[in-house]
Structure formats: C-alpha cells, structure tokens
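Peer 1: Input: one structure, supplied below.
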Amino acid sequence: MSENDGHHEVHYDVHAVEEKWLPVWEALDPFRADDAVVLSGEREKRYALTMFPYPSGDLHMGHAEVLAIHDVISRYWRLRGYEVLNPMGWDSFGLPAENAAIKNDEHPATYTYANIETQFASMKRYGVSFDWSRRLHTSDPEYYKWTQWLFLKFREKGLAYRKNSPVNWCPNDQTVLANEQVLADGTCERCGAVVTKRELTQWYFKTTEYAQELYDCLDDLQGSWIGKVVNAQRNWIGRSEGAHVTFEVENHEPVTVFTTRPDTLFGTTFMVVAVDAKLADELVTDEHRADFEAYRDEIRKASDIDRLATDRPKTGVFLGVHATNPLTGEKLPVWATDYVLADYGTGAVMGVPGGDQRDWEFATKFGLPIVRTTQPPADWDGEAFAGEGPAINSPAAGVTSGLDINGLPVAEAKSATIAYLSAQGSGDGTVNFRLRDWLLSRQRYWGAPIPIIHCPVDGEVPVPEDQLPVELPELRGADLKPKGTSPLGAATEWVNVSCPRCGGPATRDTDTMDTFVDSSWYFFRYLSPHDSTQAFDPALAEAWGPIDLYIGGDEHAVLHLLYARFFTKVLRDLGLIDWDEPFSAYLSQGKVINNGRKMSKSLGNGVSLGGQLAEYGVDAIRLTLVFASPPEDNVDWADVSPAGSAKFLQRAWRLAGDVTSAPGVPAADGDVALRKVTHKTVHEAAHLLESYRFNVVIARTMELVNATRKAIDSGCGPADPAVREATETVAILLSLVAPYTAEEMWERLGHEPTVARAAWPVVDPALLVDDAVTAVVQIQGKVRARLEVSPDISEADLEAAALADPAVTKAIDGRPVRKVVVRAPKLVNIVV
C-alpha cells in the first residue's frame, strides 16, 4: 500500500506494520487485567472468555474466526470503560494432543509444548487482546495439582466413586468414553471409530446428583444462550415424570422399573431386561444360560445408538423366570433384549406392546400378548398407540383388581395408578433423567493421574494433599500407543508405593482423568493461575465471576458446557463460590468452510491460515472473517474477498494521512452533515455490538469512511474538525477488528499508543435528530409522491402538504376524497 501525501511517497507495508507494533504492545501490556480495580469496585468488570485450544498443531482458519469474533467484544468492553479479564491458555492434556504426538513419533510433552509455543506466537501475531500474564497449560503440574485436589474434594462429598459396569469402549483409542463422547451415529467423537461395550471398573463423577438443577437452570439461560444449545442440554439431561413400580420375580429379590406411563400397567404382558445388565445375569436360569451368554457376547459388539435405532429388528432370549404384575397378579415372562440399556435405572423395563412401538414389535416377533390400555382415535391405523385417550382394559373383563381406571383420561389415570401403587407399597411417583454419571477415567498416559492409592488392607486411599501433585512419570522411550490398559502400569517405580494409612505395600491408580475434567474448571484457575496455595482465590471469583460472555463452537453444546455447569454447582456447594452458573451468556460461532464443504486435505479444499496471513496480512483476514456473516453462521471462504478487505483498510488508513487539524481541536464547529454521520454511526455501532451483529458494524464503518472521503474531496477539507472527528472514530471502530491499521491511524492522527485504551466516542443526541424525513403518499395503496418534511410535523400539516402536492392532485383527478389516514411523519394514505 502507498499514498502520495503531497511531499513524498509513503508506503504502508502490512507486514512491516505488524513487526512495528508487536513489540510496542508487548512493552505497554495494555490488556493486563487489574484485580485491585475490580476488588475495590473502582471499575465495573467484564470477564470475556473464549474456549482454549488443543495444542495438536498450529492455528487454523477455525481458530482465526473465533479469535477475531471474540476480540471484537473484549476490545469493545475496554473502550466502554470496563475492566476486562480476557485470559488464554491451552487444553494441553488428553487424546487429541497425545494421538498427534504418537503419530509424529514424539513424546507427548515434547510435542505438546512445542505446539503451544507455535500457537502462542501465532496468537500474538494475530493481535488478540489477551492478558498473557494469566497464561496456563492444563498439563503443567502447577495446574493439575489442583485438578487432583478437586477430584479428592468431589470424592469427600460423595461425588466421585468407582464401580464395575458396562462402559463405552473406543477400539481405536483403546480407552473408555463417557456417554457424551459417543456421537449420534455411535462413533467416537475423537477418532470416528465405532464404539463398543466392555465390562470394566472405572471412576465416575455423580453428575446425576445435580440433574434436576442442571435442567431447571436452563430456563434462566434461555434468553442469553443460543436456543439450540439450551435445547441440546435439555434433551441430553432428559427429564421425565412417571413412577417406580416394583415387580416380584421368581427366585430373586423384587425388581423396580421406571415408567412414564404407570396407567398402562394393565397392558404389561412381559418384562425386558438389558442383556448386558447385571440383573440379567442374576435372573437367567441354568437351563437358559448358554443361549443368554452367546446373545450377550454378540450384542456387546453394537453401540448404544445402534441398539436404540427404531428400525433395528428386535431380538432377545427368554431368561426362564417370571415376574408378577402388581395390579393383576398375572405371571409375566422375563426376557433379555438389546433395545434396553443397562444404565437405564435397574436395566429392566415393563413390556407394554399396546402403548410402545418397540414393545409391539418385540411382542409380535416372539408371540407375546398385546393388550391396549388407551383407546386410539376412530381413524387410527397404526400399531402401538401412545397418545391421549380414555383408559380401556384397565382392568380387562374378568380380571380382578383393586383399581379400575377405565374411561379416565391419561393424566387422571396416571395419578390414580400412582396413588394405588403407593398405598399398596408397590410403587411411587418419581422423576427420571436420561443423564448418566460421568465416566472420567481413561486408559491413556497423557492426562492427570487419579490421586488414589489401592491398598490390600485399606482399599481406596486418597493421596494426602501435601503429596499433590501426583506427577506423571516421564516414560521417555516407552511405547505409549494405546493397548487397552494404561501405560502407567509399566512404570513400576511410580506405581508401587506405601499406603499412606497403614504403611504397607500398595499401588497407585494407573488411569488418568478425562481431559474434560481439566476444561471444566480452567476459567476459575485464570483468576489465580500461579497461586501455589489454592486452586483459585474465592475473593477473586466473587469479584470477576461469573463469565459475562463465553464464545466457542456448538460442537461442545453438551460435553464441555454441561460438565462446566456441573463443576460450578459443586464448587458452589463446597463454599468456594456463591454463583450458580459459569457463563451468563454464550455465543456459538459458525465454521469456516470452502465451496460449501468442510475444509479437508482429502477434499483438496483446505485453506492455510499462514498462507492467507502472508498474502493479505492479519488485519485483512480478521476483517474478512468478521464481515462475512453474523457470528453464528458459517463462512464460506470461496465467497469472501480478503483482497477487498485489504483495499478498504488502505482507504481508511489514507484518511489519517489526510487530516491536517491538530489533535484536541473542538469538533463542534465542523461540518454538521459529516458530524451527523459520525455520531449516528457510533450510536448504531453500540447497539449492534451489544447484539453481536459485528458484520453490520463493519458495514457502517465502511459507510463512514466513504462519507469522510466525500467530505474531504467535496470542499469540507482536511483541516475541518469534523474530518478529524470522523477519522478518529474510524480508527476506534477499526481497532475492534483491524488493530494494526487502527494503531497506525491513531499514531498518524497525533496520538500516543494505544488506540485500544482510547475511550468510546461520546454521542451528541442533538446530532442524531434528522433535519427531514421522507413521507410516502399513497392513493388507493399505490405510492404517488414522496415529501421531505420535518420529523415533528403534525398530522394536519402533513395531510395538507400531501393534498397540495401536484403529483397527488393529478392522481386524484378531481375524484372526491373519501378518507385520509395519516401516520406522521412518514405516511399518508388517501382513499378516493
């Protein structure tokens, strides 16, 4: 870029400008948050947070988009006078980093920290306004010491426990997965492998303890979180009201099942138990065991998603026992099947084929009775009917029961059935949740070791707090490829320890924690990132929390956000904070695609962020990404123009070189028309920024640049104070998305750096008032004239002006006027 300022050629080399300002910003450190200012109440706080990245490679276009969007709002808050906390770190433990390291034949620590430094340099070059004094890495012992400490606190509270159960198993990564880490198609969310089941003893967090509160608090987030994310969480938690019903079972203690429709008990003709549930193994008779075990081994190869698919053929085996219907005393055969999951209650479900399509298909397949208990509509031509209607066959003719609900609508029938069961001691009304406890242990190396010692005498013994952190052994040179058991088991010197209680020989737990444990509390550690005495300072949590805006991808709509909400509620109950939700507002950004498809090397449509930055410069790329669409929409790189963004930035930069008035001159004597454009732009920009319409803010800034250039070229002149006011406003607005250009403009305008610490321009309300507005005159609904009138014109004066207009008089053509509707100052509608 270059311009001729009348004396000599001035060049604007975007890369030279980047090199110029980076050391200046580093020396000034303008984005360091001041705890004291917030603690004292001197300034109102804003906590801006964007999801921290995995260090499995350099930054890509997706990172570039979210960082550009995030920086708009954090820089805007600073300009508005808030004390802004805007930290950044790295989610450096876990499978993504470990798998990448193994693929590159490097130790995870070597590979991870090298990538962190690469990403750190890229982020600094990208000009994001982070407070780097709070930088953290979840794989640092000073961080995961407190992850381990929190685990122990959760365990003390009864929220961390170990049990044996069927778990999700990724055959590629050779580790267990939480339910939330299995995609809708039954594949691993990390690597895409089809997930199977294994019986293992694993560590869990008791998320179900907070299911109701996690569900209820979504109502409070509905207005400040995007709706699809709230709905995703609500669906995953899956609250349903119903009843627990107890069935007597042959040669076994009674079995309790959950049902949302206790009114259909009269239509229960069998019971089904998840084939991989412990209960099925307990119930099966010796005569049927061989068939049962063969069936169970086959079903364990299928994912939960496959098992619950509506189009999956129903299969099962009879277990050789019967249950007793608590209402009728009838004997019900008990079957093992694949369409019930082991972690749903006890793993048992009452079979009601008249009211459940899966049960209908199962009963049809195995010749079991089907009894309807709800009357379908007259035109019903389906099979199972689960809708509204009067109860029938409840009881059926000839069946003896102390309860008769025939003819009652569903809601009344449910209430009556629950009351009867409760009185008989065979059931109670209850609430059930789809949410299951969080399986957090992983059979991999690169994670926070679980701080538990297993002693043959004392059992599970927590590592004493003064011995935290339990550091990972380096295991350099060891084969860390996934094998199904933790590589830590081979570190015998690390594994074999003395029991902290009895002093006898014991062993460390060799599993590590899921990386989502690290990311469930990292925003608290930003408050005290280098404090060796506590996880975070509660006083700072009170001052800075909760987070005012969190920005990230909606791929974390269930996983990370749900876990972070759970952690926050537990920390509250531990007395460390006094707020309920971590993120007051959540903004989800779209993806950067190319030619309508996700960027991929295999598709040949990948775009290198480094290549784009080298060609166009940081500011042009940031501007392009923010200007392309609203934040939540995808950006198709094939449809945007970073070259066009670079040209616009050049035009804006030239304005600063044209201004000849001195800094600080009063703008009041300047060109009124230009001042109106400037003040309206600032006024609109504030409202647009608050509603996240960042792309429209850029459009308004472009219009202001055009208006300023026109004013200079058409006689207003570069010395007019209004030109300086407009150009300074452009620099401030551009600082949100193009910090290098804005800083360069600010310097050329005679100001000391940095523009990021400038104040948001003050709007003069008088300059927001229009001198005239356009009133539309319609006759019989057709526009016949447009009048320039005063904004405060009366209805009578506007009607008179409309009727006197020559074009209106001609269109009326002497016909009598029947009615005139006036909406001053913008509309007159004449009926003739």
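For the sequence shown, the residue numbers in the working numbering are 74 to 905. Backbone N, C-alpha and C define an ideal beta-carbon position, used for all residues, glycine too.
Does the distance from the CB of Arg638 to the CB of Leu287 come in under 8 Å?
Peer 2: Yes; because the gap between Cβ atoms is below 8 Å, this pair is in contact.
Peer 1: Distance, Cα to Cα, Asp178 vs Ala347?
Peer 2: Computed Cα separation, rounded: 42 Å.
Peer 1: Would Trp94 and Glu816 be called neighbours here (beta carbons separated by less than 8 Å)?
Peer 2: Result yes, Cβ atoms of Trp94 and Glu816 sit closer than 8 Å.
Peer 1: Could you tell me which residues DSSP puts in a beta bridge with Ser661?
Peer 2: Gly625, per the DSSP bridge assignment.
Peer 1: Let me check understanding here. Comparing Cα to Cα, which of Val769, His325, His756 and Ile785 lies closest to Ala725?
Peer 2: Minimum Cα distance to Ala725 is reached at Ile785.
Peer 1: Which of the three DSSP states, helix, strand or coil, is assigned to Ser571?
Peer 2: The answer is strand: DSSP assigns Ser571 an E or B state.
Peer 1: Is the distance from the Cβ of Gly428 to the Cβ of Thr446 below 8 Å?
Peer 2: Contact flag set, yes.
Peer 1: Please give me, in chain order, every unbroken run of the alpha helix (DSSP H) with length at least 4 that falls completely inside the region 369–440.
Peer 2: Taking only runs of at least 4 residues, the alpha helix (DSSP H) segments lying wholly in the region 369–440 are 377–381 and 430–439.
Peer 1: Applying the 10 Å Cβ sphere with the 16-neighbour rule, what's the burial state of Asp653?
Peer 2: Flag for Asp653 reads exposed.
Peer 1: Identify the continuous alpha helix (DSSP H) that holds Asp902 and give its terminal residues.
Peer 2: One detail in the question is off: residue 902 reads as Asn in this sequence, not Asp. Unbroken run through Asn902 is the beta strand (DSSP E), Leu900 to Val904; no alpha helix (DSSP H).
Peer 1: Pull the bridge partners of Gln275 from the DSSP assignment, please.
Peer 2: Answer is Lys236.
Peer 1: Please report how far the alpha carbon of Ala746 lies from the alpha carbon of Cys789, in whole angstroms.
Peer 2: The straight-line gap from Cα to Cα measures roughly 10 Å.
Peer 1: Determine the closest residue to Gln275 out of Leu512, Thr641 and Thr733, with distance taken between C-alpha atoms.
Peer 2: It is Leu512 whose Cα lies nearest to the Cα of Gln275.
Peer 1: Would you decide whether Val328 is buried or exposed? Buried here means 16 or more other CB atoms lie within 10 Å of its CB.
Peer 2: It is buried - the Cβ of Val328 has at least 16 other Cβ atoms within 10 Å.
Peer 1: Which of the three DSSP states, helix, strand or coil, is assigned to Trp726?
Peer 2: Helix at Trp726.
Peer 1: Residues in the same chain with beta-carbon distance under 7 Å from His527, minus the five sequence neighbours each way, listed in chain order, please.
Peer 2: Counting only Cβ-Cβ distances below 7 Å, and skipping sequence neighbours, we find Glu533, Ala579, Thr580 and Asp582.
Peer 1: Helix or strand or just coil, what does DSSP make of Trp519?
Peer 2: Coil, per DSSP.
Peer 1: Helix, strand or coil for Glu229 per DSSP?
Peer 2: Correct three-state label for Glu229: helix.
Peer 1: So is Ser571 buried or exposed if we call it buried at 16+ other beta carbons inside 10 Å?
Peer 2: Classification of Ser571: exposed, given that the 10 Å Cβ count is below 16.
Peer 1: Specify, as a first and last residue, the run of the alpha helix (DSSP H) that Thr800 falls within.
Peer 2: Run containing Thr800: Pro794 to Leu807, per the alpha helix (DSSP H) assignment.
Peer 1: Quick check: the region 491–506 against the region 359–374, are there 3 or more CB pairs under 8 Å?
Peer 2: With the cut-off at 8 Å, the region 491–506 and the region 359–374 do not touch.
Peer 1: How many whole angstroms separate the CB atoms of Gly130 and Lys664, which I take to be in contact at a CB cut-off of 8 Å?
Peer 2: About 17 Å; that fails the 8 Å criterion.
Peer 1: What first and last residue would you give for the beta strand (DSSP E) that runs through Lys556?
Peer 2: Looking at the DSSP string, Lys556 is not in any beta strand (DSSP E), and its letter there is neither H nor E.
Peer 1: Pro181 and Glu171: beta carbons closer than 8 Å?
Peer 2: Yes, the pair counts as a contact, with Cβ atoms nearer than the cut-off.
Peer 1: Quick check on Gln607: buried or exposed, where buried means 16 or more other Cβ atoms within 10 Å of its Cβ?
Peer 2: By the 10 Å Cβ count, Gln607 comes out exposed.
Peer 1: For a quick check, are the C-beta atoms of Leu841 and Val803 less than 8 Å apart?
Peer 2: In this structure, Val803 does not lie closer than 8 Å to Leu841 by Cβ.
Peer 1: Cβ of Arg857 within 8 Å of Cβ of Thr847?
Peer 2: Not in contact: Arg857 and Thr847 (Cβ atoms no closer than 8 Å).
Peer 1: Using only the alpha-carbon positions, how far apart do Trp298 and Ala305 sit?
Peer 2: Computed Cα separation, rounded: 12 Å.
Peer 1: Within the continuous beta strand (DSSP E) that includes Phe320, where are the two ends?
Peer 2: Start and end: Arg312 to Val322.
Peer 1: Measure the alpha-carbon distance for Val590 versus Thr220 and round it to whole angstroms.
Peer 2: The alpha-carbon atoms of Val590 and Thr220 are separated by roughly 7 Å.
Peer 1: In this structure, how does DSSP classify Trp910 when only helix, strand and coil are distinguished?
Peer 2: Limits of the chain in this structure are 74 at one end and 905 at the other, which puts residue 910 out of reach.
Peer 1: Cα-Cα, which of Glu403, Lys404, Pro406 and Asp411 is closest to Gly389?
Peer 2: For Gly389, the nearest C-alpha among the options comes from Asp411.
Peer 1: Quick check on DSSP: helix, strand or coil for Asp646?
Peer 2: If DSSP states are grouped into helix, strand and coil, Asp646 belongs with the helices.
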